[in-house]
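Enquirer:
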Amino acid sequence: MASDSRLEDTRIIDSSGNVFVDLGFPPHEAEVYALRSELMNRLEQLMRERGWSTAESAVRLNIGIARAAELMCGKWQNFSLETLVTLAARAGL
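Basically this note's numbering = 1-based index in the sequence shown + 62.
1. Identify every run of the alpha helix (DSSP H) within the stretch 88-135, keeping only runs that are complete inside it and at least 4 residues long; order them along the chain.
2. Throw me the rounded Cβ distance for the asparagine 80 and glutamate 91 pair, which I believe falls under 8 Å.
3. Based on Cα-Cα distance, which residue from Ile75, Glu106, Gln139 and Asp76 lies nearest to leucine 155?
4. State whether the stretch 122-132 contacts the stretch 83-90, with contact taken as three or more CB pairs (one from each stretch) at a distance under 8 Å.
5. If you run the structure through DSSP and keep just helix, strand and coil, what is aspartate 84?
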């Protein structure tokens with residue numbers, strides 16, 4: 063059986079607590095990404111817990127259906143931190 067050299071080079075390192083820092087983003091940028099990701103996760107979880115459809119989410123958050131669909135699919139990179147904070151406030155988070 064041949065040895066896979068990729069496995070030989072595999073190392074486990076401790077996480078910094080921010081996956082974006084671990085991926086090499088500058089600390090200030092990594093923090094914004096982490097905040098955006100966290101808000102997106104909380105909004106998505108809230109919408110699912112409340113049983114909101116995409117259309118209902120759009121109405122309740124005062125956004126278009128396409129944006130609500132992006133939100134429900136977890137496309138955090140399509141939302142600024144400011145937008146996510148606004149949506150979280152509208153949702154009562």
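Every residue, glycine too, gets a C-beta built ideally from N, C-alpha and C.
Expert: This is what the structure holds:
1. 89-111, 116-123 and 127-134
2. With 8 Å as the limit, asparagine 80 and glutamate 91 do not qualify as a contact, their Cβ atoms being about 10 Å apart.
3. Glu106
4. no
5. helix
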